[in-house]
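According to our numbering, the sequence shown is numbered sequentially starting from 16. Each residue gets a CB set at the ideal place from its N, CA and C atoms; glycine is no exception. What follows is a set of notes on a single structure, which appears directly below.
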Amino acid sequence: MKKKLFTKVITIGAIAALSASLLAGCGGKESNSTSGDNANNGDTKKTEEQVLKVAAFEGGYGSELWTEVAKAFEETHDGVKVELQVDKKIEDVITPAMKAGDYPDVIHCATGRDAGLTETITKEKGLTCLDDVL
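Okay, here's the thing in structure tokens:
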């Protein structure tokens, strides 16, 4: 029973951390665009679309959890599209792209997994402190 409660608390914490990190990663800038013909029609404010790449471990709650988080974030942040990769072996999915220099903005993956991605990133000081957004 304690393990189930612990798992739920960790999952909720992970969602909160992801949401906070998404907020930090997408403090979107709006650009005002005006042209001679539509300068006064009220449609002068345009938001550039930003893509936030999120790679997440598919735990016991499945990928639907992450899909809901991404959808809720997109609904509350105009101009942001969450590109979501969720897999039970997320390290194997994202490592080839990372070796080519294409890193996700946010990675949610536990320590102690066989691939050791979290430990490797930690040893290489490839983490960004999110204390200011938590």
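Where does the unbroken beta strand (DSSP E) through residue 68 begin, and where does it stop?
Unbroken beta strand (DSSP E) run through residue 68: 65–72.
Look up residue 107 in the DSSP assignment and say whether it is helix, strand or coil.
If DSSP states are grouped into helix, strand and coil, residue 107 belongs with the helices.
Are the CB atoms of residue 85 and residue 109 nearer to each other than 8 Å?
Cβ atoms of residue 85 and residue 109: not closer than 8 Å.
Could you work out which residue in 106, 117, 76 is closest to residue 129 when comparing CA atoms only?
Ranking the options by Cα distance to residue 129, first place goes to 106.
If you reduce the DSSP assignment to three classes, tell me which class residue 4 lands in.
Residue 4 falls outside the range modelled here, since the chain spans only 16 to 149, and no answer is possible.
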